[in-house]
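Chains as they are written, first to last, in this note's numbering: chain A, 1 to 203; chain B, 1001 to 1203; chain C, 2001 to 2203; chain D, 3001 to 3203; chain E, 4001 to 4203; chain F, 5001 to 5203; chain G, 6001 to 6203; chain H, 7001 to 7203.
Structure first, then comments.
8 protein chains.
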Amino acid sequence: LRNGYPEVIYCQGKDIGHIQQIVQDMLRRGNNILATRAEKDVYEAVKKICPEAEYHELARMITVKRKEVPVPDTYIAVVTGGTADIPVAEEAVVTAQMLGNKVERVYDVGVAGLHRLLGNLDIITSAKVIIAVAGMEGALASVVGGLVDKPVLAVPTSIGYGANFHGLAALLCMLNSCASGVAVMNIDNGFGAGYMASMINKL
Amino acid sequence: LRNGYPEVIYCQGKDIGHIQQIVQDMLRRGNNILATRAEKDVYEAVKKICPEAEYHELARMITVKRKEVPVPDTYIAVVTGGTADIPVAEEAVVTAQMLGNKVERVYDVGVAGLHRLLGNLDIITSAKVIIAVAGMEGALASVVGGLVDKPVLAVPTSIGYGANFHGLAALLCMLNSCASGVAVMNIDNGFGAGYMASMINKL
Amino acid sequence: LRNGYPEVIYCQGKDIGHIQQIVQDMLRRGNNILATRAEKDVYEAVKKICPEAEYHELARMITVKRKEVPVPDTYIAVVTGGTADIPVAEEAVVTAQMLGNKVERVYDVGVAGLHRLLGNLDIITSAKVIIAVAGMEGALASVVGGLVDKPVLAVPTSIGYGANFHGLAALLCMLNSCASGVAVMNIDNGFGAGYMASMINKL
Amino acid sequence: LRNGYPEVIYCQGKDIGHIQQIVQDMLRRGNNILATRAEKDVYEAVKKICPEAEYHELARMITVKRKEVPVPDTYIAVVTGGTADIPVAEEAVVTAQMLGNKVERVYDVGVAGLHRLLGNLDIITSAKVIIAVAGMEGALASVVGGLVDKPVLAVPTSIGYGANFHGLAALLCMLNSCASGVAVMNIDNGFGAGYMASMINKL
Amino acid sequence: LRNGYPEVIYCQGKDIGHIQQIVQDMLRRGNNILATRAEKDVYEAVKKICPEAEYHELARMITVKRKEVPVPDTYIAVVTGGTADIPVAEEAVVTAQMLGNKVERVYDVGVAGLHRLLGNLDIITSAKVIIAVAGMEGALASVVGGLVDKPVLAVPTSIGYGANFHGLAALLCMLNSCASGVAVMNIDNGFGAGYMASMINKL
Amino acid sequence: LRNGYPEVIYCQGKDIGHIQQIVQDMLRRGNNILATRAEKDVYEAVKKICPEAEYHELARMITVKRKEVPVPDTYIAVVTGGTADIPVAEEAVVTAQMLGNKVERVYDVGVAGLHRLLGNLDIITSAKVIIAVAGMEGALASVVGGLVDKPVLAVPTSIGYGANFHGLAALLCMLNSCASGVAVMNIDNGFGAGYMASMINKL
Amino acid sequence: LRNGYPEVIYCQGKDIGHIQQIVQDMLRRGNNILATRAEKDVYEAVKKICPEAEYHELARMITVKRKEVPVPDTYIAVVTGGTADIPVAEEAVVTAQMLGNKVERVYDVGVAGLHRLLGNLDIITSAKVIIAVAGMEGALASVVGGLVDKPVLAVPTSIGYGANFHGLAALLCMLNSCASGVAVMNIDNGFGAGYMASMINKL
Amino acid sequence: LRNGYPEVIYCQGKDIGHIQQIVQDMLRRGNNILATRAEKDVYEAVKKICPEAEYHELARMITVKRKEVPVPDTYIAVVTGGTADIPVAEEAVVTAQMLGNKVERVYDVGVAGLHRLLGNLDIITSAKVIIAVAGMEGALASVVGGLVDKPVLAVPTSIGYGANFHGLAALLCMLNSCASGVAVMNIDNGFGAGYMASMINKL
Ligand SMILES: Nc1ncnc2c1ncn2[C@@H]1O[C@H](COP(=O)(O)O)[C@@H](O)[C@H]1O
Ligand SMILES: Nc1ncnc2c1ncn2[C@@H]1O[C@H](COP(=O)(O)O)[C@@H](O)[C@H]1O
Ligand SMILES: Nc1ncnc2c1ncn2[C@@H]1O[C@H](COP(=O)(O)O)[C@@H](O)[C@H]1O
Ligand SMILES: Nc1ncnc2c1ncn2[C@@H]1O[C@H](COP(=O)(O)O)[C@@H](O)[C@H]1O
Ligand SMILES: [Mg+2]
Ligand SMILES: [Mg+2]
Ligand SMILES: [Mg+2]
Ligand SMILES: [Mg+2]
Ligand SMILES: [Mg+2]
Ligand SMILES: [Mg+2]
Ligand SMILES: [Mg+2]
Ligand SMILES: [Mg+2]
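Below you can see the structure in the form of structure tokens.
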């Protein structure tokens, strides 16, 4: 196990008793803990055996911080197209913070209101790496990638309906970006984006 | 048949002799003619039986103009993301012109170079209706739709590779546009966009 | 913000408290309000803080009218294939009306009973722009487009089962229409069709 | 082997020598022969060993008639949407004729020109069974099925481009037909439609 | 409306009050009634306003018989691969009976137990037309089509899991049948198969 | 490298010079060689540097046998639906033989002519493991799996057209087989089936 | 019925009364019973009429053992990528054991922690046949197939989200394995894998 | 334009005259040039107007170096699964080198021969960022991501056949990687991977 790095639990589909037991083991090893896709009842159960556990409601995450992690001066910018994309963005934010990174949020700046994006360009451009989270057509990643000369991790979300096909539209859009410097994560994979951005931010 | 409107031949998959015969019939009826998806050899054959036929190489179209069509003062803006999208755009342009419309071209202003789009916003905004032609991820339609308060006809092109799936990525992107006022044509259907834009421009 | 135009909330996936707060902000700015995909309980909550809010049950929409919008003499025809398509059609109707348009409804005139469509051709032909809403195979848009010389906005619905794939069949049918003058919206996107039709009706 | 019925060869992908040999065997057994998807050079080769072989160019079929087959008084109507669908329709026609059926052709009556279909309704309605062949959006089968009270065998063709996906659009359209009495064959399967229609016509 | 034919209601997605009202109208016109996809609570509601309504639990159908329909001597065979396909098969059976047809059921004779099919070949071969209902891989239709010289209407069901994709596997299997004389209905469309089989049985 | 086992080259997409060089290296190591997807010109080139190389035209394979491989008494049965599936079947046959196995071929016994399969059941049942190769709808694997109590390796082929989607129909059919004891290889992967069958035959 | 082999019930979608009745019949015939996809309430109902029925909670299976089945000395290794794949793996394990096989479990050894797989290579290599169960990207089957010279039955699971498409990603990965000796089962088909592995283990 | 960075031409689908003209313009501006997807005849034409142009045959790229670009001490590792993936890998290599980066190649180390990968782990682990290029099932990216604690840019290639669907299998595999620190490029997008890796290597 990598020093200071949290141990991670993916809660979806696991029953609460099982999760409690995994947490117990992790606590014994003295590591930081990060639990993703955790509903509130999972948190209540974890809190009983670990009172200092914190809940991040929007991100649906539980964190337990036992050890300090060094934090570089540079930061990660997390950008979203709409407000509905925020849960996925927050999963990235909490993951990155827990791994020892400063994060700047720039939310709800999608292409339907391009001026809001242009008005925040400074904070985005000054980041070391950018996470662009968008559902619907997912055009945000291309627009950010075209404006900014930094690596962009694009996260399609499953927000949308009809010919969105649960995020497929945004995923394909991002994979086909004609802007250079854009790489793509799985649909709704905020955790993966936060992890990868942390790797890059700490290079 | 609607007065002054050209008769249309879709040449793809038809053999040259058959096309010559169709043109002969149309000439007899005295109408304007518009032939789409016509390679150069089709043009040579048509020219033999109709010397005033004109060829539009980029658009791969043949036109024969026998009757004048009234042209309104307003115009249609045709916008493309890249240079590879120009053949589809030109199919729309020639169709619209043949149906009696003024057209303004704004080419190669895709999201990878957003400044070129912003620098041409005036000419786009002043159009009565806009045709946005884009391949790769197709984000152009959303960006134009978000900036401009006019109806946008989005035409995905089959330009791209890999997870582009011959235009599917751009098609889905455009159908899911979070900008209001965007309707979508079939992949590579420049003719249809030019026809529909003409209908709207003449309302 | 464009003068007289309503501010729009897409309610699906937002929690009621959040919606109330958005409405509060909008009311403060004095604008008209349009909320889509709003179940009855959302309406009850909005009514509490805004007693003049109206609910459109079939369309699942809430409207608040504070300012008058100018209404042109021309009208939009909204046509459906079946009765199951009516909710999507009504979303288009309420949107168009709220944006200041006259609307004529021609419902349940799908291809399985073509005579009903032919019997209503007058009212459809006299519209400035037509919205054709259909699920199952979506053939209505092609049939209307073939009969009428006005721009048709085709809205596939997710009504159907089996190889319908939640509206994909109707979507592909409409995109491939061999009638000229048909452009396509996302599956179930009545709002978008109403918005675009309003743009065209007001040109 | 069913009495009087032809033996059938599907030529696509078979080499000419192999086809000659199969034909030789069939001739020895004294049966009628039907070869589908046969290019002209295949015909030339077959003609060498069987001079009475006939070629049906549009249908890309070879037939050899050795025995008479009884022909009922009723007939099969074969309807197409466009002219590009005719090869598939002719495959059905030649198959049905070879199996001992009268056929009436009603070609190029698709939904983009509905009046041509309505003008031919009599001949369609009086058939015992109808084959409806259409590419693009494939709406023809629904329209015919809605107008006529006879079994309709719908054959989608691969004619189209873009979001047609080689006939998928027409296939899905036909499978989702809201008209009753429509059953569907594989894309471009004119042979299968002719065979099934013959079965029904002879009941 | 065609004489003696029932009026049909597709209940899925309609609310009970609406269905009661449709039934009331139909009763007033004195016709037979057929309601498909009707859960038990729909039946209870219909029974209140029409005590002679009958419920077919397996088929999830309601029937009201007011007029007699002539019944030919020939019959329709309805064959299923498994027991899970029976609801779809029963939808076909009740539809066909209500339209005035004799039906023979041959259930649970799929390819995993081919001897059961071979043991029932007589009753299948003697039918005028066969409905083959199968989920999973849908091979039943090909096997029946290969053994029997009668028209086969193949109905894929949504029974299955994983790479079955809700009936897509069976649908594609049936469309690609290498046996002649097989036409395909939409996934789970027992009603359509019963209707088409009745048309053919009465020719 | 496993003793006696051939070294394998997948020729598709490799240029001839490169293949010659790979063969040279393999010859130096003294091993048996198996080259798949090799057109005749590849064979000519290989023959020049290795005169004892043999070509298997139907299988499109080259073999070089330097060392003897032990051959068990049991055998592998290779069954095909049609004659068009034979190249894939032969790839399996030559692979299995080269790996030291007896093979029995049972070709062209698909479901459209079930009696041919039933007439060969003995030879299939007595095999230790069966390879079932089929295109179109791929029902053969289910039928064999239902009749025989031996492991069946199912190989879908890309033979077919339209809704076959280059082998997808047969692949899905085989994956959803309701017969027990069927496992599936990639489309057209005769080599893989021969390799796996050899493994099983030698257990 | 094959001697000693259990009779199998697939419980999903069957109602409890129906299952009880099927079990009653099987008990009368005196055979072993295997019920798959059985929730706990199904077990309670079966226990009432058959007190010696056992429940396998993880595998969601019910077994009734009346007759002994011979067990060979060789064993089947069942390997999983993650803990979420264990239910599918256990379905394979219980099936194989019930059919008379020894099984060794090697769970949670996926590619994200390759050292755990390498640390267990001995027990995997010594098996007669291997079942590799994995969701997410499904790379486990390729890795095992590349390391071990035994037949591998690959079972993709539906574990994953986003572009996993309910197991499609793992299914495609396994079908395209560049390791030789890998054959694939349907998504989540633990039963089929256990059955096929038993067949091979007993050769 | 970013200082020292080359100007890029995507040659596919552009005619040679057009490319010559673009190059002429770029030369006038004095920048470095990078042309991708350039066949040999394109190179010959470019060489005529720019004799110092270099051709990279495997990568199908043309480069013209006019200005020096600073090169950091750290390097990028480019890893491939098979030899058929090398052209895509070389596109990444040449792009990265042209942008001023050291590159280490580790080719043909896919999961079918895992020992070759393990034997090269040192050179991979010491890179600042890794590009993993793989076709077939694409498992390489997961395996590398699981072994190494550096950012991995995964590039699926279109190498494969059957259920590979032109790279879709590898793409989905990589998007679903259960190893952390893997982001994905479009199928065959070596250029994009080289560009993004350069960005990261220079942070
Ligand atoms: N490029 C095009 N894309 C879509 N539809 C077209 C195109 N060109 C022509 N058409 C339509 O095709 C019809 C002519 O088809 P055809 O009778 O086959 O020549 C015209 O009436 C147009 O509506
Ligand atoms: N189960 C079914 N599947 C497909 N079509 C149906 C079904 N039941 C009824 N229909 C068709 O739906 C029409 C009635 O639809 P509706 O007016 O929505 O109740 C009938 O005329 C039938 O053609
Ligand atoms: N027809 C085939 N289909 C799938 N895999 C094959 C085929 N032929 C050879 N292979 C595999 O490809 C490997 C050789 O690939 P290569 O090194 O590219 O020549 C062999 O080890 C086999 O495992
Ligand atoms: N192989 C490639 N794949 C994806 N994008 C590329 C590739 N080669 C060049 N590009 C991009 O395409 C742009 C040039 O496109 P164009 O103007 O059409 O030549 C460059 O700025 C690159 O961002
Ligand atoms: Mg950028
Ligand atoms: Mg706009
Ligand atoms: Mg029209
Ligand atoms: Mg009808
Ligand atoms: Mg038959
Ligand atoms: Mg079996
Ligand atoms: Mg192996
Ligand atoms: Mg890693």
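Think of the CB as a built atom: it goes at the ideal place given N, C-alpha and C, for glycine as much as any other residue.
A quick note: this is a predicted structure, and the numbers were derived from the prediction, not measured.
Between the stretch 6061 to 6072 of chain G and the stretch 6019 to 6036 of chain G, the count of Cβ pairs shorter than 8 Å is three or higher; the stretches touch. A distance below 6 Å between beta-carbons, with the five flanking residues on each side excluded, links Q3012/D to the following residues of its chain, in chain order: R3037.
For D188/A, the neighbours in chain G by C-beta distance under 7 Å run, in chain order, Y6161, G6162.
With a cutoff of 7 Å on beta-carbon distance, V6078/G and A6141/G are scored as not near each other.
The distance from the Cβ of M5196/F to that of L5153/F is about 6 Å, consistent with a contact at the 8 Å cut-off. The three-state secondary structure of E4068/E, taken from DSSP, is coil.
Shortest Cα-Cα distance from A2112/C to any of E2137/C, N2032/C, M2098/C, D2122/C involves E2137/C. Partner residues in a beta bridge of L4118/E, as assigned by DSSP, do not exist.
At a Cβ-Cβ threshold of 7 Å, V2129/C and P2156/C do not count as neighbours. Counting the other Cβ atoms within 10 Å of the Cβ of G7135/H gives 16 or more, which makes it buried. Contact annotation, I7131/H with I7076/H: C-beta distance approximately 6 Å; criterion of less than 8 Å satisfied. Between the stretch 2105 to 2121 of chain C and the stretch 2163 to 2177 of chain C, the count of C-beta pairs closer than 8 Å stays below three; the two stretches do not touch. Between V3143/D and D3085/D, the gap from beta carbon to beta carbon reaches 7 Å or more. Going by beta carbons, A1089/B and T1095/B fall outside the 7 Å limit. The residues L6001, M6026, R6029, N6031, N6032, I6033, L6034, in chain order, have a CB closer than 8 Å to that of E6007/G in the same chain once the five nearest residues on each side in sequence are set aside. Between V3109/D and T3125/D, the beta carbon gap of about 13 Å keeps them out of contact (Cβ cut-off 8 Å). The residue from I123/A, L118/A, Q97/A, G146/A with its alpha-carbon nearest to that of A193/A is Q97/A. By the 16-neighbour rule on beta-carbons within 10 angstroms, D4015/E is exposed. Close partners of A5193/F in chain D (Cβ separation under 8 Å) are lacking, with about 21 Å as the shortest Cβ gap.
Listed along chain H are L7203, each with a C-beta nearer than 9 Å to that of K128/A. Between A6170/G and A7139/H, the beta carbon gap of about 11 Å keeps them out of contact (Cβ cut-off 8 Å). Sequence-distant partners of K3047/D (beyond 5 residues in either direction) whose C-beta falls short of 6 Å from its own C-beta, in its chain, are A3053. Cβ neighbours of L2114/C within its own chain (closer than 8 Å, five residues either side excluded): V2143. The alpha-carbon separation between T7074/H and L2175/C amounts to approximately 51 Å.
P3087/D sits away from L3118/D, with the two beta carbons spaced by 7 Å or more. Y75/A is bridged by DSSP to K102/A. A distance of 7 Å or more separates the beta carbons of N1101/B and S1180/B.
Here Y3005/D carries a coil assignment [DSSP, helix/strand/coil]. Annotation for H4018/E: the continuous alpha helix (DSSP H) segment containing it runs 4016 to 4029. Taking the Cα of E3091/D as reference, the smallest distance to any Cα among R3060/D, V3069/D, Y3010/D, Q3021/D is reached at R3060/D. For the stretch 2131 to 2154 of chain C, the set of positions with a beta-carbon nearer than 8 Å to some beta-carbon of chain B reads D2149, K2150, P2151, L2153 in chain order.
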